[in-house]
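Colleague: Counted from 1, the sequence shown has number 140 at position 140 by UniProt numbering; the numbering is strictly sequential. Yeah, the Cβ is synthetic: ideal placement off N, Cα and C, and Gly gets one too. Owing to the predicted nature of the structure, the values given are computational and were not obtained by experimental measurement. Quick one: the structure is below, and I'll ask about it shortly.
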Amino acid sequence: MVETVRRDTPKDTEETQVTWTVGDVSALTRVSVRTLHHYDDLGLLRPGARSEANYRLYTAADLARLWRILTYRDLGFGLSEIGRLLQAPPEQERAALQTQAALLREQQRRTQATLDAVEAFLQAAGRGEGEVSIMTNRDIKEIFDGFDHRGYEAEAEERWGDTDAYKQSAQRVKRYAKQDWETIKGEMRAITDRYLALMAAGVAPESPKAQAVAAAHREHFHRRYYDCSPEMFRSLAQMWVEDERFTHNIDKAGPGLAAYQSAAAVAWADAQGKAD
C-alpha cells in the first residue's frame, strides 16, 4: 500500500490518497498479476494512478471496480459482456444483476431440495443400520420432495413419439449399460466445460471456436442418440431457450449457458447450410 499526493489541486489543498501496487492488489484479492495486466490491456481496469517510476497504482475506486468485475465473472459473464455492463447506464446494470439474482435463488432452491433429500435418505439409512430396508411414507415423501420430473417422458413421447429420431433414440438407449451412461455423461460434461471456458474468456458464441464446440455437441447427439442433421440440431438449440425448463436445467452449470450454446449451435447449423 502506498500513499500518493494528488497534484491536480492547489498546493495548499493537496490531498493524500492511498493506493496499491499491482502486487498488493494481487495479494489482497488473489487475482494474479498477469490477470490484472490483462484487464488493463482490455480497458476493463486501468489503474487510476502511476508512481514516479511509472508503475501501476490502484486507487480505492479501482478496487471497487475490480470487485464488480470479479462478481460478474462469478456470475458467468464473459469479459466482453462485463465491459459493456461497466459502461452501461445504472438501470441496465441493475436489470442484469436482478436477472442473475433470480437465477441464483432458483439454483439455491434446487440445491437445498437436493440436500434435504440426501439428508432424509441418510436418516432413513441410519435407522436401517446402514441399509435402507424400511422406509416410512414420510421418508419417501422427503426424499422425492423437490424433484418434479412428471410429464417429461409423456410429453416427449407425445411431441416426438412418431418421429424416426425418437424411435431411434429409444432403441439406442435401451442397450446402454451403467458404464455407457457414465461415459456419455462424461462426454457431455467435457462439452459443457468447453462452452463455459469460452464464455469466461468472453468469446462470442458465433465465433469459430464456439462453433467447433457446437459441432462436437451435435456429434454427441448424432453418435449417442439419433441421426441429428444440422436442421434438427438448430431446432433443438432453439428449444434450449424457448422452453424455460430446458433453460433452467442447462443454466445450472452456469448462468447464461443455455443462451450461449444455443447461439453457437444455431450459428454452426447456419454455416452448414451456407456450405451446402
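By how many angstroms is the C-alpha of Ala177 removed from the C-alpha of Ile134?
Modeller: Locating residue 134 in the sequence shown gives position 134, counting from the first residue. Locating residue 177 in the sequence shown gives position 177, counting from the first residue. Caution applies to Ile134, whose pLDDT of 43 falls short of 50 and renders its modelled position unreliable; the model cannot decide the point.
Colleague: Helix, strand or coil for Val18? Go by DSSP, reduced to three states.
Modeller: As a first step, residue 18 is located in the sequence shown; it is residue number 18 there, counting from the start. Strand, per DSSP.
Colleague: Excluding the five sequence neighbours on either side, which residues of its own chain have a C-beta within less than 7 Å of the C-beta of Pro90, listed in chain order?
Modeller: For this step, residue 90 is matched to residue 90 along the sequence shown. The answer is none, since no qualifying residue turns up.
Colleague: Determine the direct distance from the alpha carbon of Ser26 to that of Thr192, and round the result to whole angstroms.
Modeller: Within the sequence shown, numbered from 1, the residue matching residue 192 stands at position 192. Within the sequence shown, numbered from 1, the residue matching residue 26 stands at position 26. If you take the alpha carbons of Thr192 and Ser26, they lie about 30 Å apart.
Colleague: Determine the extent of the beta strand (DSSP E) in which Tyr58 is found, giving its start and end residues.
Modeller: Counting from one through the sequence shown, the residue named residue 58 turns up at place 58. Unbroken beta strand (DSSP E) run through Tyr58: 56 to 58.
Colleague: What residues are listed by DSSP as bridge partners for Ala49?
Modeller: As a position in the sequence shown, residue 49 is number 49, starting the count at 1. Answer by DSSP bridge pairing, in chain order: Leu57.
Colleague: Going by Cα to Cα distance, which pick from Arg73, His220, Glu206, Ala200 is closest to Ala190?
Modeller: Locating residue 190 in the sequence shown gives position 190, where the first residue counts as 1. If we check each option's Cα against that of Ala190, His220 comes out closest.
Colleague: According to the neighbour-count rule (16 or more other Cβ atoms, all chains shown, within 10 Å of its Cβ), is Glu76 buried or exposed?
Modeller: The residue labelled residue 76 in the question sits at position 76 within the sequence shown. Sequence inspection shows Gly at residue 76; the Glu mentioned does not correspond to that position. Buried: at least 16 other Cβ atoms inside 10 Å.
Colleague: What residue from Gly273, Glu187, Arg30 has the CA that sits closest to Ser229's CA?
Modeller: Along the sequence shown, one-based indexing puts residue 229 at 229. Ranking Gly273, Glu187, Arg30 by Cα distance to Ser229 puts Gly273 first.
Colleague: Starting from Asp41, trace the alpha helix (DSSP H) in both directions and tell me its first and last residue.
Modeller: Residue mapping note: residue 41 aligns to position 41 of the sequence shown, counting from 1. From DSSP, the alpha helix (DSSP H) with Asp41 extends over 33 to 42.
Colleague: Alpha carbon to alpha carbon, how far is Leu86 from Ala259?
Modeller: On the sequence shown, residue 86 is found 86 positions in, with the first residue counted as 1. On the sequence shown, residue 259 is found 259 positions in, with the first residue counted as 1. Answer to the nearest angstrom: the Cα atoms are 21 Å apart.
Colleague: Contact defined as beta carbons within less than 8 Å: I believe Leu66 pairs with Thr29. What is the distance between those atoms, to the nearest angstrom?
Modeller: Within the sequence shown, the letter at position 66 stands for residue 66. Within the sequence shown, the letter at position 29 stands for residue 29. That belief holds up - the Cβ atoms of Leu66 and Thr29 are roughly 6 Å apart, short of 8 Å.
Colleague: If you scan the segment 189 to 276 from start to end, which runs of the beta strand (DSSP E) of 3 or more residues do you find wholly inside it?
Modeller: The segment 189 to 276 contains no complete beta strand (DSSP E) run of 3 or more residues.
Colleague: How far does the alpha helix (DSSP H) with Arg84 in it extend, from its first residue to its last?
Modeller: Locating residue 84 in the sequence shown gives position 84, counting from the first residue. Unbroken alpha helix (DSSP H) run through Arg84: 79 to 87.
Colleague: Assuming contact is defined by CB atoms lying nearer than 8 Å, are Ala200 and Ala265 in contact in what I supplied?
Modeller: The sequence position of residue 200 within the sequence shown is 200, counting from 1. The sequence position of residue 265 within the sequence shown is 265, counting from 1. Their beta carbons are not under 8 Å apart, which means Ala200 does not touch Ala265 by this criterion.
Colleague: Hey, would you say Leu257 sits closer than 8 Å to Leu196, going by beta carbons?
Modeller: Position 257 of the sequence shown holds residue 257. Position 196 of the sequence shown holds residue 196. Cβ atoms of Leu257 and Leu196: closer than 8 Å.
Colleague: Whole angstroms is fine: what's the gap from Tyr58's alpha carbon to Ala88's?
Modeller: Counted from its first residue, the sequence shown places residue 58 at position 58. Counted from its first residue, the sequence shown places residue 88 at position 88. Cα atoms of Tyr58 and Ala88: separation of roughly 22 Å, rounded to the nearest angstrom.
Colleague: Just the C-alpha distance for Tyr55 and Thr99, rounded to the nearest angstrom, thanks.
Modeller: Within the sequence shown, numbered from 1, the residue matching residue 55 stands at position 55. Within the sequence shown, numbered from 1, the residue matching residue 99 stands at position 99. Taking the straight line joining both Cα atoms gives about 39 Å.
Colleague: Would you call His37 buried or exposed, if buried means 16 or more other Cβ atoms sit within 10 Å of its Cβ?
Modeller: Within the sequence shown, residue 37 is the residue found at index 37, counting from 1. The residue in question, His37, is exposed, as its Cβ has fewer than 16 Cβ neighbours within 10 Å.
Colleague: Among the residues of its own chain, which have a CB less than 7 Å from the CB of Ala216, if the five just before and after it don't count?
Modeller: One-based indexing of the sequence shown puts residue 216 at position 216. Ile191.
Colleague: Apply the 10 Å Cβ neighbour rule to Gly254 and answer buried if 16 or more other Cβ atoms are within range, or exposed otherwise.
Modeller: Start at 1 with the first residue of the sequence shown, and residue 254 comes out as number 254. Result: buried.
Colleague: Would the C-beta of His222 count as close to the ligand GDP, meaning under 7 Å from any of its heavy atoms?
Modeller: As presented, the structure is devoid of all ligands, the ligand GDP included, so that no description of it is given.
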